[in-house]
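Here's the structure we're looking at; comments come further down.
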Amino acid sequence: MTTEQARTRISAVEREGLVFDVLDDGPVDGEPVVLLHGWPERATVWRDVAPLLHAAGYRTLAMDRRGFAPGARPERRRDYRLPALAADVAALIDEIGGSVHVVGHDWGAATAWMTAGTYPDRVRTLTAVSVAHPASFLKAMVRSDQGLRSWYMLLFNLPYLPEALIRRGWAEPLLRRAGMDADGVDRFRSEIVEDGGLSASLGCYRAMFLGDPRDVRFRVSAPTTMVWSTGDAALARWGAEHSEEWVDAPFELVVLDGVSHWIPTEAPEALAEAILERVAGG
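Numbering-wise, the UniProt record's numbering puts 82 at position 82 of the sequence shown, and it's gapless, one number per residue.
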């Protein structure tokens with residue numbers, strides 16, 4: 001990282017004509033931590049975690065991912081395949097300069113895993129929240145009840161129907177039952193549905209079956225922490241526990257008891273502690 005890059009704030013990054021908004025905050029010369037959100041949230045989901053990292057001297061860059069950033073909503077399903085999502089993150093890291101710590105929740109975690117596996121020289125440490133290594137997640141589909149938990153992924157692959165249901169309020173009670181608080185539901189409505197990003201935000205689900213399953217059999221060389229919560233209705237423990245099999249570096253599984261899927265907003269202190277332990281330990 002050059003001195004000039006380290007001291008320059010980044011509000012957006014561009015790749016192949018797409019523009020990704022970035023929330024860059026904390027000490028501008030601190031070690032950079034890239035934060036990747038999941039569905040159905042945007043970069044603002046890190047609002048309670050980021051200040052805790054800033055207090056420890058780290059700079060955070062929370063990116064609106066492909067399908068969510070208003071300037072990065074391509075229409076083709078194949079444009080949302082996991083390698084493309086990881087390439088977007090690599091573009092941000094190149095803009096920052098050097099290598100970074102990467103943290104991701106939900107689809108942000110899947111993207112973070114792929115980024116670490118594809119661009120090992122750019123990722124110092126990895127903290128994956130809720131979602132296991134993609135290969136472990138696929139195995140969990142047949143080794144646990146993950147397949148039953150993932151029923152909504154098949155629904156999201158249908159044309160038009162998911163958008164129609166969500167616009168009529170179908171998803172909001174489900175999100176609340178899964179543990180999302182009222183503020184999170186309101187943000188989903190304003191930041192995604194009302195902002196015109198609903199169909200694009202579903203792109204990651206609709207590209208799931210377009211790739212070669214062998215593409216997710218990558219290994220990760222970065223020191224890694226996997227954070228999973230016992231109250232997660234969407235993700236089974238099996239995938240989280242077996243993610244270590246794909247990591248050729250120190251690995252730790254952190255289990256948060258009684259916490260739902262929405263870890264960044266429900267348990268920001270515990271998550272920040274896990275992130276800080278990982279980035280400090282290398």
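Ideal Cβ placement from N, Cα and C applies to all residues, glycine included. Please read all numbers here as calculations on a predicted model, not as lab measurements.
Assuming Thr8 and Arg187 form a contact by the criterion Cβ under 8 Å, report the distance between their Cβ atoms to the nearest whole angstrom.
Rounded, the Cβ-Cβ distance is 29 Å, inconsistent with contact.
Using DSSP bridges, identify the partner residues of Thr8.
Partner(s): none; Thr8 has no beta bridge.
Are the CB atoms of Leu92 and Thr111 nearer to each other than 8 Å?
no
Between the stretch 245 to 260 and the stretch 160 to 173, do three or more beta carbon pairs fall short of 8 Å?
The way I'd put it, the stretch 245 to 260 doesn't touch the stretch 160 to 173; fewer than three beta-carbon pairs between them come closer than 8 Å.
At what residues does the alpha helix (DSSP H) containing Gly108 begin and finish?
107 to 118
Measuring CA to CA, which of Tyr58, Glu16, Gly197, Phe68 is closest to Val28?
Tyr58
Hey, how far is the Cα of Gly147 from the Cα of Phe137?
10 Å
Asp24 lies in the beta strand (DSSP E); which residues open and close that run?
18 to 25
Assuming the contact rule is C-beta atoms closer than 8 Å, Arg237 and Trp228 should be a hit. Round their C-beta distance to whole Å, please.
6 Å
Go through its chain and collect everything with a Cβ distance to Thr118's Cβ below 6 Å, but skip five positions before and after it.
Its chain contains Ala86 as the residues whose beta carbon lies nearer than 6 Å to that of Thr118, once the 5 sequence neighbours on both sides are disregarded; these appear in chain order.
Roughly how many angstroms lie between the CA atoms of Arg103 and Asp25, to the nearest whole one?
In the sequence as presented, Arg is not what sits at residue 103; that position holds Val. If I take the Cα positions, the gap works out to 15 Å.
Is the distance from the Cβ of Val254 to the Cβ of Thr230 below 8 Å?
no
According to DSSP, is Gly239 part of a helix, a strand, or is it coil?
Assignment of Gly239 by DSSP, reduced to helix, strand and coil, places it in the helix class.
Name the two residues that bound the continuous alpha helix (DSSP H) containing Met141.
Taken as a continuous stretch (DSSP letters only), the alpha helix (DSSP H) holding Met141 covers 134 to 143.
In whole angstroms, what separates the C-alpha of Pro268 from that of Asp181?
Straight-line Cα distance between these residues: approximately 14 Å.
By Cβ distance below 8 Å, which residues in the same chain neighbour Asp150 in space, the five residues on each side in sequence not counted?
According to the sequence provided, residue 150 is Ser. The question's Asp does not apply to it. Around Ser150: Met141, Ala234.
CA-CA distance, Glu244 and Ile192?
34 Å
Exposed or buried, what is Glu266 when buried is set at 16 or more other beta-carbons lying within 10 Å of its beta-carbon?
If you draw a 10 Å sphere on the C-beta of Glu266, you find 16 or more other C-beta atoms in it, and that means buried.
Tell whether a beta-carbon distance below 8 Å holds between Leu82 and Pro120.
Contact: no.
Provide the residue span of the beta strand (DSSP E) that contains Phe251, from first to last.
251 to 260
Tell me, which residues are paired with Trp228 by DSSP?
For Trp228, which the question treats as bridged, DSSP gives the partners Val255.
Can you give me the C-alpha to C-alpha distance between Trp264 and Asp212, rounded to a whole angstrom?
The question names Trp, but residue 264 in the sequence shown is Pro. Rounded to whole angstroms, Pro264 to Asp212 spans 31 Å at the Cα level.
Can you tell which of Arg47, Ala72, Phe20 has the C-alpha that lies nearest to the C-alpha of Gly184?
Arg47
Go to Leu35, then tell me how far its beta strand (DSSP E) extends in each direction, as first and last residue.
Start and end: 32 to 36.
Distance, Cα to Cα, Asp64 vs Phe20?
Across the structure, Asp64 and Phe20 are spaced so that their CA atoms are roughly 6 Å apart.
Looking only at its own chain, which residues have a Cβ that is under 7 Å from the Cβ of Leu155, when we skip the five neighbours before and after it?
Pro162
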